[in-house]
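Sequence lines, in order, name chains A and B.
According to the working numbering, the stretch in the first sequence is residues 1 to 364, in order.
According to the working numbering, the stretch in the second sequence is residues 1001 to 1364, in order.
No residue lacks a Cβ here, since even glycine has one placed at the ideal position from N, Cα and C.
There are 2 protein chains.
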Amino acid sequence: MNRRHLFGAAAALLATLGLAGCKDDTAPAKQEAAAEAKTYQWKMVTTWPKNYPGLGTGAERLAERVKTMSNGRLTIKVYAAGELVPALEVFDSVSRGTAEIGHGAAYYWKGKVASAQFFTAVPFGLSTPEMNAWLTHGGGQALWDEAYAPFGVKPLAAGNSGMQMGGWYNKEINSLDDLKGLKIRMPGLGGEVLNRLGATTVNLPGGEVFTALQTGVIDATDWVSPYNDLAFGLHKAAKYYYYPGWQEPQAVIELLINQKAYDSLPADLQAILTEAARAATQDMLDDYVYNNALALDELKKQGTLLKRFPDEVLAAMRDESEKVLGELAAQSDLNGRIWASMQAFQAQVTPMHQLTEKELYNWR
Amino acid sequence: MNRRHLFGAAAALLATLGLAGCKDDTAPAKQEAAAEAKTYQWKMVTTWPKNYPGLGTGAERLAERVKTMSNGRLTIKVYAAGELVPALEVFDSVSRGTAEIGHGAAYYWKGKVASAQFFTAVPFGLSTPEMNAWLTHGGGQALWDEAYAPFGVKPLAAGNSGMQMGGWYNKEINSLDDLKGLKIRMPGLGGEVLNRLGATTVNLPGGEVFTALQTGVIDATDWVSPYNDLAFGLHKAAKYYYYPGWQEPQAVIELLINQKAYDSLPADLQAILTEAARAATQDMLDDYVYNNALALDELKKQGTLLKRFPDEVLAAMRDESEKVLGELAAQSDLNGRIWASMQAFQAQVTPMHQLTEKELYNWR
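This is how it looks when you write it as structure tokens:
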């Protein structure tokens, strides 16, 4: 018997007995009690296949923890991509309120919110700890809120994949010329950079990537990092695994919350949801650090050849990235303010990481 | 009027009216309700001065968020070092149950729990994301639990300072010889390493460090990183700010929970406390990434000279660190298992970070 029932019983009883003398004492309490006792059953639509390693499983853990922390007052049923809505309709679904909450990545919504592209990953941009700190201390969250507000959606960081890999290639990249004419599956800003360097990028849904790579319809594809790429079997369709993941030095996984639904929650459930998202940022990174390491070992065992993009190629990618981002920033006042804020933050935090993380990883 | 009062009123009413027919329906509900309505006022003792940047303020935010998430059912009053117990008695205080919860760093308890030294920072050891992943996925948490279990204390990671700096020096370190005879304030494993390299380390309480450095009683001191060091004024007592912080490539800030007090909480409050700690790990790192960057700028403005330990010196520090850690590992079966687990984890995760974070920070 849960609180709602108890309060129901108690209230009904008091009412039935018509104990007028008690009403003044208990009426406000009953109201408060009703608010506290109210339960919320939310639907979470996601951009991930069922039980997708790291990303989908992270969403499931977040929902489970919210349920436990709220003692069942806020339950979130997680739907894989396509179960309620297709992956790319998650933002609209949350905006309309069809689902109260969504789990995905901001750059999927670039067709609807051009500014969204800044909030997942920027080529040669902020590292994982820097991106998290920009959102919470550098003004990033306020800009993200501003970008989604017209759609009645509140965004929260709820995970990070950490730095990704450069992608799977069936042709070696020894110079800039080797990119020319290459057919590469790469969406977003990274894809635009490769186009400008002479490649032809295509955007294929996940389900078609493996076959396209195996049959030679594409010569290369980006994906995520060993944890996801191994599960996806890409090592069976490509010879070379290129690094570094210049296009995604980190990738924020986001929680999309319908603003009206969020506002309808009592303060404790709002806090539980917000802290669960913050905890999930840590939780998902732990998952990737560990499982990427195991998967990298397995890929090596299965014969994957690791290759590094030549400095000449990385330098050209970096120059083009700056141009592409500059043009995106010029598209709107908001884009301009977001990019200026990110660049200023990167300039601010880089010197400290030169003295610390850079030194540490160079000892290894 | 809170739930407890309401249930009191309702129960009293039902009882008074002697509605026997209702008793069977409401008795279990009343019991559950009583459990849910129970509030817990906890005391948190900490090793930090009042409002200590990053560490003390992080403890305050954690307590505030637990209060909000629990709708006031679990309130935690935070006490600075010395308010209830001295900093170094925090562990004992939580173990005895004088305080239900504590906030500090594991290596402060090395006199009582030799294994504790592994759970804050290890020279030349795991990075911040690696340490967090070792605790949650690499078996670290279970070993930490085992180390504290005899004292009835449950440890949780609840913050991280990120990588620290090498310390403040009034003499330049251009070769190993320059360390010989130097008086350095450095506790823990790092201090032991410096002793073996010919320095004489002393452990001074924070309050005495500044004067000792200014008056030449010591030639150098470690502290934390710009955020804390600037606030502490160390730049006014030393010329050179050395990097990298080889002795603390990261530093876990811990929550100590009295096991009996933890077990007395209902499942939802246990989950709120656990997730609040996980979220605090992210929250504190964000705070350090941002404020270290600002403080580093300010230190440069005030004339602090940044110096890097020569490779020859770092190499010797690294060799001695391995010996010191090997000896600590040999002291007990548990120490041996902890160190073997950490070393295996570092070997497992390092190759992936060579392809990712190392590349990223070298672009900068």
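- In chain order, Ala279, Gln282, Asp283 make up the part of chain A whose C-beta sits under 7 Å from the C-beta of arginine 1278 (chain B).
- Ranking B:Glu1254, B:Asn1132, B:Pro1244, B:Gly1206 by CA distance to the CA of valine 1045 (chain B) puts B:Glu1254 first.
- By the Cβ test, the stretch 37–56 of chain A is not in contact with the stretch 132–146 of chain A, since fewer than three Cβ pairs between them sit closer than 8 Å.
- By the rule that beta-carbons nearer than 7 Å mark a contact, proline 86 (chain A) does not touch chain B.
- Nearest to glycine 1159 (chain B) by alpha-carbon distance, out of B:Ala1142, B:Val1085, B:Val1289, B:Ser1093, is B:Val1289.
- Looking at the backbone, the Cα of alanine 59 (chain A) and that of lysine 50 (chain A) are separated by about 10 Å.
- Under the criterion of beta carbons closer than 8 Å, glutamine 1250 (chain B) and threonine 1068 (chain B) do not qualify as touching, at roughly 28 Å.
- Counting the other CB atoms within 10 Å of its CB gives lysine 1301 (chain B) a total below 16, which places it among the exposed residues.
- Excluding the 5 residues flanking it on each side, leucine 1230 (chain B) has same chain C-beta neighbours closer than 7 Å at Ala1295, Glu1298, Leu1299, in chain order.
- Around isoleucine 272 (chain A), the same chain offers Val66, Met69, Ser70, Leu74 as residues with beta carbons nearer than 8 Å, after the five sequence neighbours per side are excluded.
- For the 7 Å CB-CB criterion, alanine 87 (chain A) and alanine 81 (chain A) form a contact.
- Taking 7 Å as the cut-off, the Cβ atoms of leucine 1306 (chain B) and tyrosine 1241 (chain B) count as close.
- Here the C-alpha atom of tryptophan 1048 (chain B) lies approximately 15 Å from the C-alpha atom of alanine 1063 (chain B).
- Going by DSSP, glutamine 1214 (chain B) is part of the alpha helix (DSSP H) stretching over 1206–1214.
- A distance of 7 Å or more separates the beta carbons of lysine 1180 (chain B) and alanine 1099 (chain B).
- Cβ atoms of asparagine 170 (chain A) and lysine 239 (chain A) come within 8 Å of each other, at about 6 Å.
- Using a Cβ-Cβ cut-off of 7 Å, isoleucine 1257 (chain B) does not count as an interface residue toward chain A, since no Cβ of chain A sits closer than that to its own.
- The beta carbon of histidine 353 (chain A) sits closer than 7 Å to some beta carbon of chain B.
- Distance from the CA of valine 1193 (chain B) to the CA of asparagine 362 (chain A), rounded to the nearest whole angstrom, comes to 21 Å.
- Within chain B, no C-beta atom comes nearer than 7 Å to that of tyrosine 52 (chain A); the closest sits roughly 18 Å away.
- Between the alpha carbons of glycine 1140 (chain B) and leucine 1334 (chain B) lies a distance of about 12 Å.
- For methionine 163 (chain A), the nearest CB of chain B lies under 7 Å from its own CB, placing it at the interface with that chain.
- Secondary structure in the stretch 1103–1164 of chain B: the beta strand (DSSP E) runs of 3 residues or longer, each lying completely within the stretch, are 1153–1160 in chain order.
- Counting only runs of at least 4 residues, the stretch 1232–1276 of chain B fully encloses the following alpha helix (DSSP H) elements, listed from N- to C-terminal order: 1259–1263.
- In the DSSP assignment, threonine 1057 (chain B) falls within the alpha helix (DSSP H) that extends over 1055–1069.
- Apart from the 5 residues on each side of it in sequence, leucine 156 (chain A) sits with its Cβ closer than 6 Å to the Cβ of Leu255, Ala277 in its chain, given in chain order.
- Here glutamate 1320 (chain B) really is in contact with arginine 1196 (chain B); their C-beta atoms are around 5 Å apart, less than 8 Å.
- Taking every protein chain shown into account, the CB of glutamate 1327 (chain B) has fewer than 16 other CB atoms within 10 angstroms, so this residue is exposed.
- Listed in chain order, the beta strand (DSSP E) runs fully inside the stretch 1298–1354 of chain B are 1305–1308, counting runs of at least 3 residues.
- Measuring C-alpha to C-alpha distances from lysine 236 (chain A) to each of A:Ser225, A:Asn228, A:Leu213 identifies A:Leu213 as the nearest.
- Straight through space, the alpha carbons of leucine 189 (chain A) and valine 324 (chain A) are spaced by roughly 7 Å.
- In terms of beta-carbon proximity, serine 127 (chain A) lines the interface with chain B, with at least one pair separated by less than 7 Å.
- In the displayed model, leucine 1197 (chain B) falls within coil according to three-state DSSP, outside both helix and strand.
- When the five nearest sequence neighbours on each side are left out, the beta carbons in the same chain lying within less than 6 Å of the beta carbon of alanine 1199 (chain B) are those of Leu1179, Leu1182, Ile1184, in order along the chain.
- Contact note: tyrosine 243 (chain A) reaches chain B through Leu1355, Thr1356, Glu1359, using a C-beta cutoff of 8 Å and chain order.
- At least 7 Å separates the CB of valine 1045 (chain B) from every CB of chain A.
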